[in-house]
Amino acid sequence: MEKRDIRKEVADNYEVLLSAGVIRKDGGSFSMQFEGELYFPDGQTGPSDLYGKRIDEKLPEQTPAWCRLHQYLYRQRKDIRVLLTSRLSYTMTAACAGHEVPPLLDDFAQLVGVTARVVYVEPTDPVFFRKILKGMRRRNAVLIPQMGGLCAAASFEDTLAVSQVLEKGCRAYIDTAFLGGGFRISWIESWLMRLVFKFKYSNLKNKLSGS
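In structure tokens form, the structure reads like this:
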């Protein structure tokens, strides 16, 4: 894919996220990587010379912290190609409340993970990248107070799905916290659901790519 086509795909996906309310122009972040190169929506990152930078390349001094975080996560997690920070209402509420969200829904266990952890970070903390990476271990999302839900996956469609399922899971958790009830899926059941889902999904993708 040529860079102008990548630029258009990133811009189109950014508009989808804005229209869906997943991110806002005044909050939230979004990036994609293609073959080891970073791509951000125009105007979102500040420095225009970030476009197409390698994930192992040193970024300019004025680069925003979240851009550096995305680069770091792409380097460390070879399974992800898209990152976004969801600003959806229930996700923000759960993140600001600082409560780890358990899996009350099957699709939460499959797409997000056994829980959505909360990671407290300060941009000036020299190890906050590693804290977030640890929080996302065996997971596709993590909650960050004041920022929202950082979601990751191998494609834009999958990452959007993670953000939507995270929102649904946070809403279910908040509703049950107020109203009572709710059945939490056990850790082992959640882990098995996620394992089976990833195995089946991987096989399906291989079949489709081979057809």
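My numbering applies: residue 1441 is where the sequence shown begins, and numbers increase by one.
By construction, the Cβ of each residue, glycine as well, lies at the ideal position given by its N, Cα and C atoms.
Please classify residue i: does DSSP put it in a helix, a strand, or coil?
| i | result |
| --- | --- |
| P1487 | Legend: pLDDT at P1487 = 48, less than 50; position of this residue unreliable, value from coordinates given subsequently. Three-state result, P1487: coil. |
| Q1473 | strand |
| V1558 | strand |
| G1538 | coil |
| R1464 | strand |
| L1458 | helix |
| L1478 | strand |
| R1577 | coil |
| E1607 | helix |
For residue i, write down the residues that DSSP places opposite it in a beta bridge.
| i | result |
| --- | --- |
| L1590 | T1525, V1582 |
| R1517 | Answer is none; R1517 lacks a bridge partner. |
| R1494 | E1477 |
Please name the residue in the options whose C-alpha comes closest to that of residue i.
| i | options | result |
| --- | --- | --- |
| M1472 | A1612, A1537, D1598 | D1598 |
| G1588 | W1506, E1475, G1476 | W1506 |
| L1433 | Q1604, A1534, S1526, H1539 | Limits of the chain in this structure are 1441 at one end and 1651 at the other, which puts residue 1433 out of reach. |
| V1522 | V1559, L1513, P1500 | L1513 |
| L1726 | K1498, R1515, Y1613, N1453 | Given a span of 1441 to 1651 for the chain in the structure shown, any question on residue 1726 remains unanswerable. |
| A1534 | F1618, R1447, D1482 | F1618 |
| E1497 | F1480, R1515, P1504, P1481 | R1515 |
| I1584 | R1578, K1571, A1594, A1593 | K1571 |
Under 8 Å: does the beta carbon of residue i sit that close to some heavy atom of the ligand ZN?
| i | result |
| --- | --- |
| P1542 | Of ligands this structure carries none, so the ligand ZN is not represented either. |
Give the C-beta separation of residue i and residue j to the nearest angstrom, bearing in mind that I take them to be a contact with Cβ-Cβ under 8 Å.
| i | j | result |
| --- | --- | --- |
| F1474 | I1463 | At roughly 20 Å, the Cβ-Cβ gap does not stay under 8 Å, so F1474 and I1463 are not in contact. |
| P1542 | T1555 | 6 Å |
| G1538 | V1552 | 17 Å between Cβ atoms; not a contact. |
| L1509 | F1569 | 6 Å |
Counting only beta-carbon atoms, is residue i nearer than 9 Å to chain C?
| i | result |
| --- | --- |
| I1584 | Looking for chain C here will not work: only one protein chain is present. |
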